[in-house]
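Here the structure comes first, spelled out in structure tokens, and everything after it is commentary.
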Amino acid sequence: MPHEKTRNSPDSCNVISLDRRRALTLSPGISRDSPSSVVVKCQLSSLHMGGVSAACESVESQDSDVQLEPVYTLCHRRAQGSYSVTLEPTLGAEWAPYRHCGPARRLIQFPPPPSKGAITVTTEDLECLDSGEFLNDVIIDFYLKYLLVQKAPQASVDRSHVFSSFFYKQLTRRDNANEDSTSTPAQVRRHQRVRTWTRHVDIFDKDFLFVPVNQEAHWYLVVICFPGLEEPQYVKRVGGGSVQGDGGEGLGESEGEVHGESRSSGDEDKDDSRIKTSTSLHLPDCTENTCKKQIVCKRPCILIMDSLKLSVHERIFKLLREYLQVEWVTKRGFCRDFSVERMIGVHCRVPLQDNSSDCGLYLLQYAESFLQDPVVHFDLPLRLERWFPRQQVRRKREEIRDLILHLYRFQQGSLGHEALQDRTDYGNVIQ
């Protein structure tokens, strides 16, 4: 959208894309007494979708805590579906400052009606995507739902089941007065709280169960692999990425079954000297797109993917084994052993966060990477340090925000909900 050039405005900043928020450096003509740079934060909400609006938050010096007056005002407008941004020396009469306040407003439902199990995202949820904010359960559930409905390959979707972020919270909450007064075993009481969550699915027919966990305000991902298997199986690989080598190559150096509550960091360190060079130079060699073995190991296990590695996970291994045991009896009608020897716990080596607020983003990236490029060879330990670049996670806040705003526009627009039902057409819209 063309703009009339404003005198004294920086020539290089007449039009700035809203796809990325960034620091806007002042032009050389600005006084040396002015701050060297300003950071302007545009907040898009549902009210920005129509008419003319503007947003400009406080401008702070990067080198001082002193509150400074803005040298320029960042304005944005929308017309016919296009956004544009200008820097103005003053705020003209046609512009109005805006900052959302009041109750949260609904932005989208995904998937849209008449689909069941929709996640509702509000303006308040959108604020969780601001830099430095912790993702809440709505954003976690929304993006996991989006991966299953829209983004992940159908073959991975058919093999997977994703639990809500409330599942583990409900499974592990304290007994109420009525529950505490019964003689029912604790593992059965816990299962009863979530027994309806799987009434339409047999999780033992799935290869992977994704369980998002929030423990002491920290998000991490649990993946239960091959819950229907009682012991490891070495099978000939079919489909997937490139395949090389002969049949015996797939047995690897860790052919024997691993026992114990979990693979500790000490156990993993013993393997460091053997694979230090390979992990520092190469991608993981156990995923669908990178594994070159014809014979691969399918191992029943519980994987922990934690971007901080600060949480204590031993209890979650125990609770999930007990849940699986009661669920098996409920679904199949007879007992089965889900002991430590049968369903081992594993701490995966995964990319780690470098701050205190991105744990939710890493959880979502772990799930996305697993669905798009699943692990096919469970020869422990799983070394996934170079599964994806850190920059991919840093972009995720803006990507999810843009996705929600795209969905808002199309759910409010002329396409209607029917146009969003088709997986292929909808993918073209979002891309």
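Here the sequence shown stands for residues 1 to 431, where the numbers follow full-length UniProt numbering. Built from N, CA and C at the ideal position, the CB exists for glycine as well.
With distances taken Cα to Cα, identify the nearest neighbour of residue i among the options.
i                 : options                        : result
cysteine 297      : Pro381, Phe134, Leu144, Arg336 : Pro381
phenylalanine 191 : Gly360, Thr330, Ile108, Cys359 : In the sequence under discussion, the amino acid at residue 191 is histidine, which differs from the phenylalanine named in the question. Taking only the C-alpha atoms, the option nearest histidine 191 is Thr330.
arginine 173      : His347, Gln353, Arg193         : Arg193
arginine 397      : Phe338, Arg336, Leu126, Thr122 : Leu126
asparagine 136    : Val213, Ala177, Ala155         : Val213
residue 455       : Pro300, Ser156, Val121, Pro113 : It is not possible to answer for residue 455, since the shown part of the chain is limited to 1 through 431.
alanine 155       : Val393, Leu371, Asp354, His347 : Leu371
leucine 363       : Pro114, Leu283, Ile119, Leu144 : Leu144
glutamate 368     : Thr182, Asp402, Ala152, Asp337 : Ala152
glycine 360       : Lys318, Asp306, Arg237, Leu320 : Asp306
leucine 283       : Pro185, Leu352, Phe388         : Phe388
phenylalanine 167 : Ile119, Trp197, Arg159, Arg395 : Trp197
cysteine 286      : Leu147, Lys116, Val375, Phe334 : Val375
aspartate 158     : Thr184, Asp205, Pro112         : Asp205
valine 340        : Phe317, Pro112, Arg395, His161 : Phe317
valine 312        : Val238, Asp354, Glu216         : Glu216
histidine 161     : Val201, Tyr220, Arg237, Arg386 : Val201
aspartate 379     : Pro112, Arg409, Ser115, Cys291 : Cys291
arginine 390      : Gly413, Leu407, Arg409, Asp354 : Asp354
For residue i, which beta-bridge partners are listed by DSSP?
i             : result
threonine 120 : Gln109
histidine 406 : Bridge partners of histidine 406: none, in fact.
proline 212   : Leu221
valine 157    : None; valine 157 has no bridge partner.
arginine 383  : Arg349
threonine 287 : Val375
Please look up how many angstroms separate the CB atoms of residue i and residue j, rounded, as I've assumed it's under 8 Å.
i                 : j                 : result
glutamine 211     : leucine 303       : Strictly speaking, residue 211 in this sequence is valine, with glutamine absent from that position. Not quite, the Cβ-Cβ distance comes to about 10 Å (not below 8 Å), so this is no contact.
valine 326        : glutamine 187     : 6 Å
tyrosine 366      : valine 350        : 6 Å
residue 440       : glutamate 230     : The structure shown does not extend to residue 440, since the chain is modelled only from 1 to 431, so the question has no answer here.
aspartate 373     : asparagine 289    : 5 Å
glutamate 133     : serine 357        : 7 Å
proline 227       : leucine 324       : 6 Å
phenylalanine 110 : alanine 118       : 6 Å
arginine 315      : phenylalanine 338 : That pair is no contact at about 15 Å.
Suppose contacts are defined by Cβ-Cβ distances below 8 Å. Is residue i in contact with residue j by that definition?
i                 : j              : result
leucine 129       : isoleucine 400 : yes
leucine 384       : cysteine 348   : yes
isoleucine 140    : serine 165     : yes
lysine 293        : histidine 377  : yes
valine 138        : valine 121     : yes
phenylalanine 142 : leucine 209    : no
arginine 189      : aspartate 175  : yes
leucine 171       : leucine 352    : no
isoleucine 108    : glutamine 411  : yes
At what residues does the alpha helix (DSSP H) containing residue i begin and finish?
i                 : result
isoleucine 295    : It is not in any alpha helix (DSSP H) - isoleucine 295 instead sits in the beta strand (DSSP E) that spans 295-298.
leucine 324       : 314-332
glutamine 372     : 359-372
lysine 236        : Not the alpha helix (DSSP H): lysine 236 falls in the beta strand (DSSP E), residues 233-236.
histidine 191     : 186-194
phenylalanine 142 : 137-146
arginine 394      : 390-394
serine 165        : 165-172
Need the endpoints of the beta strand (DSSP E) that residue i sits in, please.
i             : result
histidine 161 : 160-162
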